[in-house]
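Colleague:
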Amino acid sequence: MDRVVFLDRDGTLNEEVHYLHRTSDLKLLPGVPEALRMLKEAGYRLVVVTNQAGVARGYYGEEDVKSLHIYMNHILECRGASIDAFYYCPHHPEHGIGPYKEAAQRFEVDKPHSFMIGDKLLDVEAGNNYGLTTILVGTGYGSGIRSQEEKEGIPPVYDFYAEDLVKAAQWIIEK
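No gaps in the numbering here: position 154 of the sequence shown is 156 in this note's numbering, and each next residue is one more.
1) Taking the Cβ atom as the reference point for each residue, do Tyr89 and Asp121 lie within a distance shorter than 8 Å?
2) Taking the straight line between their C-alpha atoms, what separation do you get for Gly2 and Ser69?
3) Taking the alpha-carbon of Leu124 as reference, which of Glu64, Asp12 and Trp173 has the nearest alpha-carbon?
4) Can you find the residues in the same chain that come closer than 7 Å, C-beta to C-beta, to Val57, ignoring five residues on each side of it along the sequence?
5) Is it true that the CB of Val126 sits closer than 8 Å to the CB of Thr136?
6) Where does Met118 fall in DSSP's three states?
7) Excluding the 5 residues flanking Ser84 on each side, which residues of the same chain have their C-beta closer than 8 Å to its C-beta?
8) Determine the DSSP secondary structure at Arg24, reduced to helix, strand or coil.
9) Restricting to Cα atoms, I'd like to know which of Asp4, Leu138 and Asp112 is closest to Asp10.
10) Exposed or buried, which one is Leu167 when buried takes at least 16 other CB atoms within 10 Å?
11) For the segment 134-158, list the beta strand (DSSP E) runs that are entirely contained and at least 3 residues long, ordered along the chain.
12) Taking the straight line between their C-alpha atoms, what separation do you get for Arg59 and Ile175?
13) Classify Ala164 as helix, strand or coil using the three-state DSSP reduction.
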């Protein structure tokens, strides 16, 4: 079994862009290649898991998602990093068209030694439901979530908060 770090895409690896599907709109967040390289060197497989409901809504096609992921990996490889696999859910629970109304997910992983990193509580919940250690990053929507929790005294539902992916990678490696 492999130790895996599952990574949300938008707001975690790249700047949040509404329905990102064009390569020209892709901008990696600072430190992302370095963080990914650190995790790979520590022996983790890196897997992107991302919701792409824009496919179900008809805003863009699955080929657009695949092309963006190939392009993203090319940029990362040029910077000494790479993603082992990209998985995306092109479905939407209410606004799906055609076959995009339901989804199935599969991946065998060493759960006690694997992680989920994301910038939204939805990402953290997915990781918790799958039995992973979860990290909320302060990029994307994460800092707003953290601020609200602190302001309202809400206990976090994730295992660790990191300002960015580099700090998340450091925490994982130290663990």
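Quick reminder that beta carbons are idealized off the backbone N, C-alpha and C, glycines included.
Modeller: The short version:
1) No, the pair does not count as a contact, with Cβ atoms beyond the cut-off.
2) Since the first and last residues shown for the chain are 3 and 177, residue 2 lies out of range.
3) Nearest of Glu64, Asp12 and Trp173 to Leu124, Cα basis: Asp12.
4) Here Val57 has Gly63, Glu64, Val67, Pro92 and Tyr102 as same chain residues with Cβ atoms under 7 Å from its own Cβ, once five neighbours each way along the sequence are excluded.
5) Result yes, Cβ atoms of Thr136 and Val126 sit closer than 8 Å.
6) DSSP places Met118 in strand when its eight states are reduced to three.
7) For Ser84, where only same-chain residues beyond five positions count, the Cβ hits under 8 Å are Leu38, Lys42, Leu48, Asn75 and Leu78.
8) Taken through DSSP and simplified to helix, strand or coil, Arg24 comes out as coil.
9) When each option's Cα is compared against that of Asp10, the closest is Leu138.
10) Looking at its Cβ environment, which holds 16 or more other Cβ atoms inside 10 Å, Leu167 is buried.
11) Within the segment 134-158, the complete beta strand (DSSP E) segments at least 3 residues long are 135-139, listed from N- to C-terminus.
12) About 39 Å.
13) Strand at Ala164.
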